[in-house]
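The structure under discussion appears below in the form of structure tokens.
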Ligand SMILES: NC(=O)c1ccc[n+]([C@@H]2O[C@H](COP(=O)([O-])OP(=O)(O)OC[C@H]3O[C@@H](n4cnc5c(N)ncnc54)[C@H](O)[C@@H]3O)[C@@H](O)[C@H]2O)c1
């Protein structure tokens, strides 16, 4: 499949990442079939996309007509079969292997033979996901960052089986979305989380050992290292449960004790202090 033959894209899962992925494809001129399991999740996604397009309008990046045509290109559906017309597909369903397997197996049956199927997983091995399908050579990782409409990076991950054609197509497609793709080979945590999670973990150890308060740790990294967010603010934004899960993947996959999750992170998760989404993590948030 060449880049100019791609007109319609299927996005599987309309949650945090799925709505952002649908937004950037529709904004770039693609018809987007956005599939989720219940209408209420689709309604929530369209509502979020509308608000985010309004924000882009306020910043002068988009006019009223651009907003209208972007929304008109979105086709929300609960019908899995509707994805059959797609020329490219991205899955963004929950990070659970059994859900990924069910969705990828079904999508693989429905999509035409030449169509590339991409996964937005942040921690499951791309090579293992590719092997769940009958199109392992046309399977690739397309790791968008949250919030998708804002963040520049797409980590394009090559599974062991990914063909040059599928890989190059995904790199080019990411550029058409206005993103900057970076090529990475499949390995636990890819590059993004392999580098980020030990930073967050070490910051948590600093708090646990009384080296500094969360505010002080974040101030050091923002003012001294020019990070736009401190590692603990960022951990709260990502979700401390998600951070612990990814650290487990790094620890299991690479076998090095340096990746073991900080006990303080695990304790916060046990307390239900998951970060922004639960109202409390390293910091307290107003609802
Ligand atoms: N949240 C992040 O910051 C982030 C960043 C990068 C990558 N990711 C990855 O993106 C993926 C999605 O994460 P998320 O945060 O958007 O999750 P989420 O829970 O916000 O959204 C997942 C959506 O998938 C839907 N879903 C469940 N089963 C489905 C099915 N069978 N078919 C279609 N939709 C189905 C759910 O109803 C939900 O709306 C995960 O693999 C995650 O690791 C997340």
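Residue numbers (my numbering): 911 to 1197.
The beta carbon of each residue, even a glycine, is placed where N, CA and C say it ideally should be.
Here the structure is a predicted model, which is why all the values come from computation and not from measurement.
> Under the three-state reduction of DSSP, which class applies to residue 1161: helix, strand or coil?
Replying inline: helix
> What residue from 935, 1109, 973 and 923 has the CA that sits closest to residue 955's CA?
Replying inline: 923
>> Please tell me whether residue 906 and residue 1069 are closer than 8 Å, where the distance is taken between their beta carbons.
In response: Coverage of the chain is limited to positions 911 through 1197, which leaves residue 906 absent and any answer about it impossible.
> Could you give the residue range of the alpha helix (DSSP H) that holds residue 1014?
Replying inline: 1007-1020
> From residue 1183 to residue 1152, what distance separates their C-alpha atoms?
Replying inline: 12 Å
>> Using 8 Å as the cut-off, can you tell me whether the region 1101-1111 makes contact with the region 1080-1089, which would need three or more C-beta pairs spanning the two stretches below that distance?
In response: no
> For ligand 1, any of its heavy atoms closer than 7 Å to the Cβ of residue 959?
Replying inline: no
> Is residue 1035 helix, strand or coil by DSSP?
Replying inline: coil
> Around the C-beta of residue 1173, are 16 or more other C-beta atoms found within 10 angstroms, so that it is buried, or is it exposed?
Replying inline: exposed
> Is the CB-CB distance between residue 1047 and residue 918 below 8 Å?
Replying inline: no
> How about residue 1127 and residue 1141: are their beta carbons less than 8 Å apart?
Replying inline: yes
> Who are the near neighbours of residue 1023 in its chain, counting only those whose CB is closer than 8 Å to its CB and skipping five residues on each side?
Replying inline: 1045
>> Considering only DSSP beta bridges, list what residue 920 is partnered with.
In response: According to DSSP, which records beta bridges pairwise, residue 920 is partnered with 943 and 999.
>> Tell me the DSSP secondary structure of residue 1052 in three-state form.
In response: strand
> With distances taken between CB atoms, is the gap from residue 853 to residue 1067 smaller than 8 Å?
Replying inline: Here the chain comprises residues numbered 911 to 1197, so residue 853 is not present and cannot be evaluated.
>> Contact between the region 970-984 and the region 934-942 is defined here as three or more beta-carbon pairs at a separation below 8 Å; is this criterion met?
In response: yes
> Considering only residues of the region 924-979, which uninterrupted alpha helix (DSSP H) runs meet the minimum length of 4 residues and lie entirely inside it, listed in chain order?
Replying inline: Complete alpha helix (DSSP H) runs here, min 4: 926-937 and 949-968.
>> Less than 8 Å between the beta carbons of residue 1014 and residue 1042, yes or no?
In response: yes
>> Given this structure, state the Cα-to-Cα distance separating residue 1028 from residue 1134, to the nearest angstrom.
In response: Taking the straight line joining both Cα atoms gives about 38 Å.
> Roughly how many angstroms lie between the CA atoms of residue 1073 and residue 994, to the nearest whole one?
Replying inline: 22 Å
>> Once DSSP output is grouped into helix, strand and coil, what is the label at residue 1080?
In response: helix
> What is the DSSP secondary structure of residue 1119, counted as helix, strand or coil?
Replying inline: coil
>> On a Cα-Cα basis, can you pick out the residue from 965, 999, 1171 and 1155 that is closest to residue 935?
In response: Of 965, 999, 1171 and 1155, the residue nearest in Cα terms is 999.
> Sorted by chain position, which residues of the same chain lie with C-beta nearer than 6 Å to residue 1170's C-beta, five sequence neighbours on each side aside?
Replying inline: 1161
> Would the beta-carbon of residue 1032 be found less than 7 Å away from any heavy atom of ligand 1?
Replying inline: yes
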